[in-house]
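Asks: Before we start, here is the structure in question, set down as structure tokens.
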Amino acid sequence: MCGRFSLWSDKNKIIDQFNLSSAPELQSNYNVIPSSSIPVIYSYEGNRVIALRHWGLIPHWAKDKKYKQINARSETLSEKPFFRDSFKNRRCLIPANGFYEWQGTKSNKQPYYIKLKDNELFAFAGLWDAWKGDDKTIESCTIITTAANEAMAPIHERMPVILDRDNYDQWLNEGATELLAPYSGEIDIYPVSTKVNKPSSNSAELMNPVVT
Numbered sequence: 062m063c064g065r066f067s068l069w070s071d072k073n074k075i076i077d078q079f080n081l082s083s084a085p086e087l088q089s090n091y092n093v094i095p096s097s098s099i100p101v102i103y104s105y106e107g108n109r110v111i112a113l114r115h116w117g118l119i120p121h122w123a124k125d126k127k128y129k130q131i132n133a134r135s136e137t138l139s140e141k142p143f144f145r146d147s148f149k150n151r152r153c154l155i156p157a158n159g160f161y162e163w164q165g166t167k168s169n170k171q172p173y174y175i176k177l178k179d180n181e182l183f184a185f186a187g188l189w190d191a192w193k194g195d196d197k198t199i200e201s202c203t204i205i206t207t208a209a210n211e212a213m214a215p216i217h218e219r220m221p222v223i224l225d226r227d228n229y230d231q232w233l234n235e236g237a238t239e240l241l242a243p244y245s246g247e248i249d250i251y252p253v254s255t256k257v258n259k260p261s262s263n264s265a266e267l268m269n270p271v272v273t
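Heads up: the sequence shown begins at 62 in this note's numbering, then just goes up one per residue.
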């Protein structure tokens with residue numbers, strides 16, 4: 062699964078990476094937690110646009126906003142009613158610089174930070190939806206996960222889907238399921254401080270390696 066990640070690249074980098082005409086000013090976030098408002102990129106009238114969505118997808122048909130999912134398994138997107146319509150009609154890219162995963166028993170879990178070898182900005186494959194309540198609309202999103210690749214497997218059996226830059230348009234416009242595979246590029250994985258366990262912790266030092 063993917064329950065925490067980082068996004069600290071500046072606006073200009075995001076505009077360049079995702080071929081956008083503009084982007085909002087974003088504050089660096091080294092410990093993005095569920096329910097946070099995060100940027101997502103989707104296709105609208107043939108162009109890529111960026112907008113903020115709450116992390117934790119609420120289907121538009123849900124009777125209550127309490128039903129939300131931060132992750133969606135790639136293997137069942139077209140089958141599960143929770144994600145099926147979003148998979149067909151509302152796919153997105155979710156920018157990130159890295160993500161966290163925990164290894165070990167419930168009482169003694171060690172956090173790890175995972176990033177691309179070149180330290181580059183990348184994109185998770187995601188879905189979004191818009192839920193309308195009596196007094197407001199909540200636009201939300203989820204990160205798609207797949208089986209862990211060889212490097213990730215010792216830490217966790219799942220990992221988020223990381224899309225190659227050349228495949229952004231194919232995902233946004235076609236939703237090709239073959240893209241929902243374990244990442245084939247090189248990644249860095251290393252242990253970090255348990256300070257990241259605390260949702261309110263948010264500083265660049267959270268990404269620093271520690272000796273275990």
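Note that the Cβ used here is the ideal one computed from N, Cα and C, for glycine as well.
Whose C-alpha, out of 198, 226, 186, 265, is nearest the C-alpha of residue 133?
Replies: Looking at the Cα atoms, 186 is the closest of the given residues.
Asks: Does DSSP put residue 91 in a helix, in a strand, or in coil?
Replies: DSSP places residue 91 in strand when its eight states are reduced to three.
Asks: Leaving out the 5 sequence neighbours to the left and right, which residues in its chain are closer than 6 Å to residue 114 when beta-carbon positions are compared?
Replies: If we look at residue 114 and ignore the five residues flanking it on each side, its Cβ neighbours are 101, 189, 200, 201, 202.
Asks: Hey, would you say residue 243 sits closer than 7 Å to residue 271, going by beta carbons?
Replies: No.
Asks: Roughly how many angstroms separate the alpha carbons of residue 250 and residue 268, rounded to a whole number?
Replies: In a straight line, the C-alpha of residue 250 is about 11 Å away from that of residue 268.
Asks: Which word fits residue 174, buried or exposed, when buried means at least 16 other C-beta atoms lie within 10 angstroms of its C-beta?
Replies: So residue 174 counts as buried.
Asks: Express the C-alpha separation of residue 90 and residue 198 in angstroms, rounding to a whole number.
Replies: Distance between the alpha carbons of residue 198 and residue 90: 25 Å.
Asks: With a CB to CB cut of under 7 Å and the five nearest residues on each side skipped, what residues in its chain are close to residue 158?
Replies: Closer than 7 Å at the Cβ level, and outside the excluded window around residue 158, lie 67, 68, 69, 70, 176, 182.
Asks: When the Cα of residue 84 is compared with those of 73, 241, 193, which residue comes out closest?
Replies: Measuring from the Cα of residue 84, the nearest candidate turns out to be 73.
Asks: Alpha carbon to alpha carbon, how far is residue 94 from residue 64?
Replies: Between residue 94 and residue 64, the C-alpha separation is close to 7 Å.
Asks: Considering only C-alpha positions, which residue in the set 219, 146, 248 is nearest to residue 179?
Replies: Cα-wise, what sits closest to residue 179 is 248.
Asks: Would DSSP call residue 131 helix, strand or coil?
Replies: Note: residue 131 maps to coil in three-state DSSP.
Asks: How would you label residue 214, buried or exposed, when you count the other beta carbons within 10 angstroms and need 16 or more for buried?
Replies: Exposed, by the Cβ-count rule.
Asks: Give every residue of the same chain whose Cβ lies closer than 7 Å to the Cβ of residue 155, excluding the five residues on either side of it in the sequence, and list them in chain order.
Replies: Counting only Cβ-Cβ distances below 7 Å, and skipping sequence neighbours, we find 99, 101, 184, 185, 187, 202, 204.
Asks: Are there 16 or more other CB atoms within 10 angstroms of the CB of residue 129, so buried, or fewer, so exposed?
Replies: Buried is the call here.
Asks: Using a Cβ-Cβ cut-off of 8 Å (strictly less than) and excluding sequence neighbours within five positions of residue 260, which residues of its own chain qualify?
Replies: 92, 94.
Asks: Look at the alpha carbon of residue 106 and the alpha carbon of residue 273, and state the distance between them as a whole number of angstroms.
Replies: If I take the Cα positions, the gap works out to 50 Å.
Asks: Give me, in chain order, the residues of the same chain whose beta-carbon lies closer than 8 Å to that of residue 75; leave out the 5 immediate sequence neighbours on both sides.
Replies: Cβ neighbours of residue 75 beyond the five flanking positions: 81, 84, 87, 100, 111, 156, 182.
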